[in-house]
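First comes the structure, then the notes that go with it.
Numbering (the working numbering), first residue to last: 3 to 135.
So, in structure tokens, the structure goes:
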């Protein structure tokens, strides 16, 4: 009898949300991190760092869910050639319509043998921001 033990180590995922990419001395820099916004149409950037994943080709995608867990947007499947068991991704989101107040979740999904599994997430809180006096 042979027992096969699969290495089930969850990926470590960190997703940061930024207002934009700006240039400084010829370099692209992520600018103005945020987690809260008014109910408007937003364009923003996510920087995702993923570690503890197998080397080689890995497929992944992102999904934005509204507070009622309805899918607002889902990216196409992306592929990356992982080296040293880690990779990062910069994704520019254009014209995402945040109409509903509450927590909107951005989830990172990694392809596994059984399909895409959620590995990490972050939130953008949509709220009526107070007006400056």
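The beta-carbon is built from N, C-alpha and C at its ideal position, and this holds for glycine as well.
None of these values were measured; they are calculated from a predicted model.
Option in the options with minimal Cα separation from residue i
i	options	result
residue 100	12, 54 and 37	37
residue 13	123, 46 and 32	123
residue 117	62, 55 and 32	62
residue 35	119, 47, 54 and 103	47
residue 76	15, 110, 83 and 55	110
Paired residues, beta bridge with residue i - DSSP
i	result
residue 52	15 and 89
residue 96	Bridge partners of residue 96: none, in fact.
residue 114	117
residue 131	Paired residue(s): none; residue 131 is not in a bridge.
Buried or exposed (CB count within 10 angstroms, at least 16 for buried), residue i
i	result
residue 106	buried
residue 6	Because the pLDDT at residue 6 is just 36, under 50, the model does not fix this residue reliably, and the point stays unresolved.
residue 114	exposed
residue 112	buried
residue 50	buried
Range covered by the beta strand (DSSP E) that runs through residue i
i	result
residue 120	117–128
residue 37	No beta strand (DSSP E) contains residue 37, which DSSP labels as neither H nor E.
residue 102	Element bounds for residue 102: n/a, residue is neither H nor E.
residue 73	73–76
residue 59	58–67
Rounded Cβ spacing between residue i and residue j (contact assumed at less than 8 angstroms)
i	j	result
residue 64	residue 108	6 angstroms
residue 1	residue 89	The question about residue 1 has no answer here: the residues shown for the chain are numbered 3 through 135.
residue 66	residue 81	With a Cβ gap of about 21 angstroms, residue 66 and residue 81 do not count as contacting.
residue 98	residue 74	7 angstroms
residue 42	residue 32	At roughly 21 angstroms, the Cβ-Cβ gap does not stay under 8 angstroms, so residue 42 and residue 32 are not in contact.
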